[in-house]
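*Asks:* Chains as they are written, first to last, in this note's numbering: chain P, 1 to 197; chain D, 1 to 276.
1) From which residue to which residue does the beta strand (DSSP E) around residue 226 of chain D run?
2) So is residue 131 of chain D buried or exposed if we call it buried at 16+ other beta carbons inside 10 Å?
3) In chain D, which residues lie less than 9 Å from residue 95 of chain P when you measure between Cβ atoms?
4) Would residue 341 of chain D pass as a contact of residue 213 of chain D if the rule is Cβ separation under 8 Å?
5) Please go through the segment 67-128 of chain P and give each complete alpha helix (DSSP H) segment of 4 or more residues, from N-terminal end onward.
6) To the nearest whole angstrom, what separates the beta carbons of residue 152 of chain P and residue 142 of chain P, a pair I think is in contact under 8 Å?
7) By a C-beta neighbour count over all protein chains shown, 10 Å radius and 16 as the cutoff for buried, is residue 82 of chain P buried or exposed?
8) Please report how far the alpha carbon of residue 27 of chain P lies from the alpha carbon of residue 95 of chain P, in whole angstroms.
9) Using a Cβ-Cβ cut-off of 8 Å, state whether residue 187 of chain D counts as contacting chain P.
10) Going by Cα to Cα distance, which pick from D:84, D:90, D:72 is closest to residue 268 of chain D?
11) Using the DSSP secondary-structure output, state which residues sit across from residue 24 of chain P in a beta bridge.
12) Three-state secondary structure (DSSP) at residue 24 of chain D?
13) Going along chain P, which residues have a C-beta under 8 Å from residue 195 of chain D?
14) Whole-angstrom Cβ separation of residue 275 of chain D and residue 219 of chain D, contact assumed at under 8 Å?
15) When we look at the beta-carbon of residue 68 of chain P and count the other beta-carbons within 10 Å, is it buried (16 or more) or exposed?
16) State the CB to CB distance for the pair residue 50 of chain D and residue 244 of chain D, rounded to an integer number of angstroms; the pair is presumed to be in contact (CB under 8 Å).
17) Could you say if the segment 192-199 of chain D and the segment 242-259 of chain D meet the contact criterion of at least three C-beta pairs nearer than 8 Å?
18) When you compare the CB of residue 176 of chain D with every CB in chain P, is at least one pair closer than 8 Å?
19) Relative to the alpha-carbon of residue 75 of chain D, which residue among D:83, D:179, D:266 has its alpha-carbon at the smallest distance?
20) Please list the partners that residue 40 of chain P has in chain A, where partner means a Cβ-to-Cβ separation under 9 Å.
21) Please return the same chain residues whose Cβ sits closer than 7 Å to the Cβ of residue 223 of chain D, not counting the five positions on each side in sequence.
22) Output, in chain order, the set of chain P residues within a Cβ distance shorter than 8 Å of residue 245 of chain D.
23) Per the DSSP calculation, residue 175 of chain P is bridged to which residue(s)?
24) When the cut-off is 8 Å and only beta carbons count, does residue 157 of chain D lie next to chain P?
25) In angstroms with no decimal places, state the Cα-to-Cα distance between residue 78 of chain P and residue 172 of chain P.
26) For chain D, is any of its Cβ atoms less than 8 Å away from the one on residue 140 of chain P?
27) May I have a chain-ordered list of the alpha helix (DSSP H) segments no shorter than 4 residues that lie completely inside the segment 51-116 of chain D?
28) When the Cα atoms are used, what is the spatial distance from residue 101 of chain D to residue 206 of chain D?
29) Between the segment 110-128 of chain D and the segment 62-81 of chain D, are three or more C-beta pairs nearer than 8 Å?
30) How many whole angstroms separate the CB atoms of residue 33 of chain P and residue 178 of chain D, which I take to be in contact at a CB cut-off of 8 Å?
31) So residue 122 of chain P and residue 188 of chain D are supposed to be a Cβ contact under 8 Å. How far apart are they, rounded?
32) Skipping 5 residues on each side, what residues in its chain have a beta carbon closer than 6 Å to that of residue 250 of chain D?
33) Which parts of the segment 165-203 of chain D are runs of the alpha helix (DSSP H), unbroken and 4 residues or longer, counting only runs that do not cross its ends?
34) Taking a contact to mean a Cβ-Cβ separation below 8 Å, would you say residue 94 of chain D touches residue 149 of chain D in this structure?
35) Can you name the residues of chain D whose CB is closer than 9 Å to the CB of residue 46 of chain P?
36) Could you tell me how far apart the beta carbons of residue 85 of chain P and residue 167 of chain P are, in whole angstroms, since I believe they sit closer than 8 Å?
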C-alpha cells in the first residue's frame, strides 16, 4: 500500500515553501500572513545572533520615518476606553469575529493598573507610567512605541499596533490616555486611592 | 463509535471533578498572584482524570476496526511490531517504510490506514475533539501510549540525516516571525521566568524547562475537560500567534515536535500531565 498522507518529506532547503505547505487558510487568518516583510525576516534569528549592524540601523530609521502621528495633534483620548482596549485579548485570531474591534492585550505582557493582578511579565511593568509627565517628547515617544516599537528597539517582541493596523488611531489615543492620564488606574498607588481608607 | 459505558464513564468523570473544582474556586483569591495551578495540581495529587482516557486508548489499540477488521497490535511504533512500552519517548523518528520522519500521531494514522484499511483523510479531518466533545480515538491512543512511556527517558532518534534535518528545520521555524503581530514561537518561549497573564511560559530553548514541558504532554486540560496532545498544543499556539491553521501531520508540526523533543532529550516522560 502506498502511503498517501501529507506530501513526502524530502526536507526542503526552502523554509518558506515548507511553511506554506504546512498551513491552510482559517477564517481571517489566511496564508498571506506567512509572508515576511523585511523586518520580520531580520528578526527571525535566535536572540544571541541579532547583531546591531548598518542594516539594523537602516531598518530602525525606516520604521521611525514611517510613524504616523495623530492628524489633529491630539495624543490623548479616554483612559477608561483605553483600559478596556488594554484588557481585551481578542482580535485577528482565526476564530475571532473581524467585525468586532481588536483588543491591545496589553496585560498579556505588562503590569498596568496595580489593581489587576493577572498581568504578564514578557514586557516591563508600566504601572505609574504617567509619572513621566505629558511633555511633547513623552507624547511622541510613547506614541511611537505603540505605533511601531521597532523604531526604537529593533526586534522587540512587541507587536506594531499602529503600523500593522491592529488598533485604530482612536484606540491608540485611548491607550495613550490610559498610560499618561493622572486619573487613569495605571497611575494610582498600589493600594488604591488613599481616600478609600 | 462510542461504547455503551461511555455515558456512565462521563458522568463519573463529571461527578469526580466537582469537589475539586470547588477547591480551585476557593484557592484562587488566596493565590491569585502565581502558581495557583501548581497548587491545584498538588490538591489533585494522583487523581488525573486522564486515567480514564488511558484505559480507553488501550481498548482502542486491541479493537478490530476498519475494512480489514484488524487491530493496531501489529503497528510498528519504531521499536518493532506491536511494541508500545517506551515507544512514545523516542518520537519523532524516521521510518523506512514511509521514508519520512513521523510524530506518534501521524504514525498511528499510518497504522490505521495500512493495517485496518481506514481512510486516513477522514480521521485527519478531525483528529482532535472540540470543546464539549468526548475525546477522539487518536487522543485516547496517544494518551495511553504516553502512559506506556511514563518515567522513561526522552530519547528521540537523531541518527538518520532526515531526523537531523527535521531538527534544524524546527529550529528555524521556532524563530520565524510572521503575521500581523510579528509573533514566532520564540516570542513567548525563548526566555525563562516569564508569563502571559498568569500563565507561566516554558523556555523551550533551555533543556530543563523544555524537558518538563515536552515530557508532560499529552495532558488533561482542566479548563476543557479533555486530554490534549502535543499536536493540538501546537495548533492552538499558532491560532494565538494569529497565523493560519496548522495542518495536522504537517512538516512544520513534526519539525517543531522534533526541535522540542531533542532539546528535551535526557529528561523524563511524566505524561499524561494535568494542566489548567
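Note that beta-carbon positions come from the ideal geometry of N, C-alpha and C, so glycine has one too. Just so you know, these numbers come straight off a predicted model, no measurement behind them.
*Replies:* In this structure, then:
1) Per DSSP, residue 226 of chain D is one residue of the beta strand (DSSP E) stretching across 226-228.
2) It is exposed - the Cβ of residue 131 of chain D has fewer than 16 other Cβ atoms within 10 Å.
3) Close partners of residue 95 of chain P in chain D (Cβ separation under 9 Å): 239.
4) Residue coverage of chain D in this structure runs from 1 to 276, which leaves residue 341 of chain D outside it and unanswerable.
5) Runs of the alpha helix (DSSP H) inside the segment 67-128 of chain P: 79-87.
6) 11 Å between Cβ atoms; not a contact.
7) Label assigned to residue 82 of chain P: buried.
8) About 7 Å.
9) Closer than 8 Å to some Cβ of chain P, the Cβ of residue 187 of chain D qualifies, so yes.
10) When the alpha-carbon of residue 268 of chain D is set against those of D:84, D:90, D:72, the nearest one is in D:90.
11) DSSP, once it has assigned bridges, lists D:245 as partnering residue 24 of chain P.
12) Low local confidence applies: a pLDDT of 47 at residue 24 of chain D is under 50, so the model's placement there is unreliable, with the coordinate-based value given in what follows. Correct three-state label for residue 24 of chain D: helix.
13) Per Cβ cutoff of 8 Å: 120, 121, 122.
14) About 5 Å separates the two Cβ atoms, so the contact holds.
15) So residue 68 of chain P counts as exposed.
16) With 8 Å as the limit, residue 50 of chain D and residue 244 of chain D do not qualify as a contact, their Cβ atoms being about 30 Å apart.
17) Touching, no.
18) With its beta carbon less than 8 Å from one in chain P, residue 176 of chain D belongs to the interface.
19) Per the C-alpha coordinates, the member of D:83, D:179, D:266 positioned closest to residue 75 of chain D is D:83.
20) The question asks about chain A, but that chain is absent: this structure's protein chains are P and D.
21) Closer than 7 Å at the Cβ level, and outside the excluded window around residue 223 of chain D, lie 276.
22) Residues of chain P passing the Cβ test: 23, 24, 25, 26, 29, 94.
23) Answer by DSSP bridge pairing: none, since residue 175 of chain P is not bridged.
24) Nearest CB-CB separation between residue 157 of chain D and chain P: not below the 8 Å threshold.
25) Distance between the alpha carbons of residue 78 of chain P and residue 172 of chain P: 10 Å.
26) Cβ-Cβ to chain D under 8 Å: no for residue 140 of chain P.
27) The qualifying runs are 104-116.
28) Rounded to whole angstroms, residue 101 of chain D to residue 206 of chain D spans 24 Å at the Cα level.
29) The segment 110-128 of chain D vs the segment 62-81 of chain D: in contact.
30) That belief holds up - the Cβ atoms of residue 33 of chain P and residue 178 of chain D are roughly 6 Å apart, short of 8 Å.
31) Confirmed, Cβ separation roughly 7 Å.
32) Same-chain partners within the cutoff: there are none.
33) As far as the segment 165-203 of chain D is concerned, its whole alpha helix (DSSP H) runs of at least 4 residues are 185-189.
34) Not closer than 8 Å, so no.
35) For residue 46 of chain P, the chain D residues whose C-beta falls within less than 9 Å of its own C-beta are 171, 174, 175, 186, 190, 205, listed in chain order.
36) Contact between residue 85 of chain P and residue 167 of chain P holds: their C-beta atoms lie close to 7 Å from each other, under 8 Å.
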